[in-house]
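**Q** Per this note's numbering, residue 28 is the first one in the sequence shown, and the count goes up by one each step. Got a structure for you, written out below as C-alpha cells; questions coming shortly.
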Amino acid sequence: MNTSPSNRAALLKTTLFAALLVVALPACMVDVHGPRGGGGGGGGGTQPRPDRPTPSPLQWGEACGSTPQCASGLNCLDGTCEPARIGIYPVSALVGPGLTDGREWKSDRFLPRWVWDELASARRRGVSSLYAFMADQARLGWSRPNPYGYGFLSTDGYRYDDRYTIALAERGYNELQTFTPSWSGGVGWTQVPFTERLSVALDVWDEDRWDDQSIGFVELDFPLLREALYQGGVTYFDTYDATGGQLLLVGVQVVAER
C-alpha cells in the first residue's frame with residue numbers, strides 16, 4: 028500500500044470533508060472598536076487649524092480599513108488587525124475506541140454497543156470527559172492503534188506544498204498501542220503568513236504489520252485557525268464527523284509570531 032505523505036495529500040485534498048467544530052471553552056476575544064480616522068477637509072487652506080495628533084496604531088483585534096492603520100507586525104485582514112505571521116503546532120490527538128464499522132483496532136471483534144453509547148454521552152460533556160472515557164477504554168483492554176502521521180500546509184488555498192510537509196510521528200518511531208498520541212519537540216510550522224488562503228491538514232495512520240490503515244484526515248481552514256489563535260493555548264477540534272468517529276479530537280496551538 029502506497030502511503031507516502033505527498034500522494035495522500037494530493038488524493039485527499041480533492042475530497043470535501045465535513046466542517047470541524049471547535050470543542051473548547053468560549054474564546055476570550057479581543058474587543059473590536061470602530062475604525063479610527065480624521066474628519067473632513069479644511070476651509071480652502073486659508074483658515075488656521077490646529078495640528079491633528081497622529082492616531083495611535085491599531086492593535087490586534089481592532090477594526091481596520093487598511094494595513095497601514097495597524098501596528099507593526101500586524102496586517103488588516105478581513106477588517107481586523109491580525110498578526111502578519113503565526114506559528115501552528117499540532118500537539119496531540121485522541122483516537123476513538125474502534126473502527127467506523129464497530130470493530131476493535133487490532134481485532135475482528137466488534138466492540139459492545141454500550142461503548143458507542145457512552146462515547147456519545149462523553150462527547151456531549153466535552154474534552155475532559157472524552158479523555159477520561161478513553162482512559163477507561165484503555166484499562167478495559169480493547170486493542171489500541173499505533174498512530175503515526177503527517178501534517179500538510181497550504182498557503183495558496185489550492186494545494187499542499189511538499190516543502191512544508193512535517194512528520195507528526197514517523198512510522199517505526201511512533202507511540203505504540205495508544206489512544207492518546209502526543210507530538211512534542213516543537214512539531215509544526217513557524218513564521219507562516221496569516222492570510223485567508225491558509226489551511227493545514229493532519230493525516231493520522233495506524234501502523235500495522237500487514238496493511239496500515241487510515242485513522243483520519245482532517246483539514247483546518249483559516250476561520251478555524253483564527254479561532255485557535257484567539258482562544259490561546261491548545262484548542263481541541265472535534266473531528267468525529269470528519270473521520271467517521273475514528274479520530275475524536277486533535278489539539279493544536281496557534282500563536283502570533285514576529
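Even glycine gets a Cβ: it sits at the ideal position worked out from N, Cα and C.
1. Straight-line CA distance for phenylalanine 244 to leucine 126?
2. To the nearest angstrom, how far is it from the Cα of glutamine 273 to the Cα of glycine 100?
3. Could you give the distance in angstroms between the alpha-carbon of aspartate 183 and the alpha-carbon of proline 172?
4. Going by other Cβ atoms of all chains shown within 10 Å of its Cβ, with 16 needed for buried, is leucine 203 buried or exposed?
5. Would you say tyrosine 158 faces chain B, with C-beta separation under 8 Å as the test?
6. Between the C-alpha atoms of glycine 215 and isoleucine 115, what's the straight-line distance to the nearest angstrom?
7. Less than 8 Å between the beta carbons of valine 279 and proline 117, yes or no?
8. Between the beta-carbon of leucine 157 and the beta-carbon of leucine 275, is there less than 8 Å?
9. Thinking just about the alpha-carbon of each residue, which of Gly176, Asp128 and Gly123 is nearest to the one in aspartate 163?
10. For lysine 133, which residues in the same chain have their Cβ closer than 6 Å to its Cβ, ignoring the five residues on either side in sequence?
11. Could you tell me which uninterrupted beta strand (DSSP E) segments, each at least 3 residues in length, are contained entirely in the stretch 168-214, listed from first to last along the chain?
12. Taking the CB atoms as reference points, tell me whether phenylalanine 206 and leucine 121 lie closer together than 8 Å.
13. Leaving out five residues on either side along the sequence, give the residues of the same chain with a beta carbon under 7 Å from the beta carbon of valine 282.
14. What did DSSP end up calling leucine 225 once you bin it into helix, strand or coil?
15. Is the beta carbon of proline 110 closer than 8 Å to that of proline 87?
16. Please report the residue range of the beta strand (DSSP E) in which glutamine 218 lies.
17. Please tell me whether serine 119 and proline 208 are closer than 8 Å, where the distance is taken between their beta carbons.
18. Judging by CA-CA distance, which residue of Ala196, Gly260 and Phe221 is the nearest neighbour of serine 181?
19. Pull up the distance between the alpha-carbon of valine 277 and that of leucine 225, whole angstroms please.
20. Rounded to a whole number of angstroms, what is the C-alpha to C-alpha distance between asparagine 102 and alanine 90?
21. Quick check: alanine 98 and proline 84, are their CB atoms within less than 8 Å of each other?
22. Exposed or buried, tryptophan 237, counting other C-beta atoms within 10 Å across all chains shown (16 or more means buried)?
23. One question on the structure: do leucine 252 and leucine 229 come within less than 8 Å of each other, judged by their Cβ atoms?
24. Comparing alpha-carbon positions, which option in Ala149, Tyr177 and Arg190 lies nearest tyrosine 200?
25. Express the C-alpha separation of aspartate 235 and aspartate 128 in angstroms, rounding to a whole number.
26. How long is the line joining the alpha carbons of threonine 192 and leucine 256, rounded to whole angstroms?
**A** Here's the rundown:
1. 14 Å
2. 39 Å
3. 34 Å
4. exposed
5. Judged by its chain identifiers, the structure shown contains no chain B, having just a single protein chain.
6. 6 Å
7. yes
8. yes
9. Gly123
10. Ser170
11. 174-181 and 193-196
12. yes
13. Ile113 and Gly114
14. coil
15. According to the sequence displayed, residue 87 carries tryptophan and not proline. Going by C-beta atoms, tryptophan 87 is nearer than 8 Å to proline 110.
16. 216-220
17. yes
18. Phe221
19. 18 Å
20. 11 Å
21. yes
22. exposed
23. no
24. Tyr177
25. 18 Å
26. 21 Å
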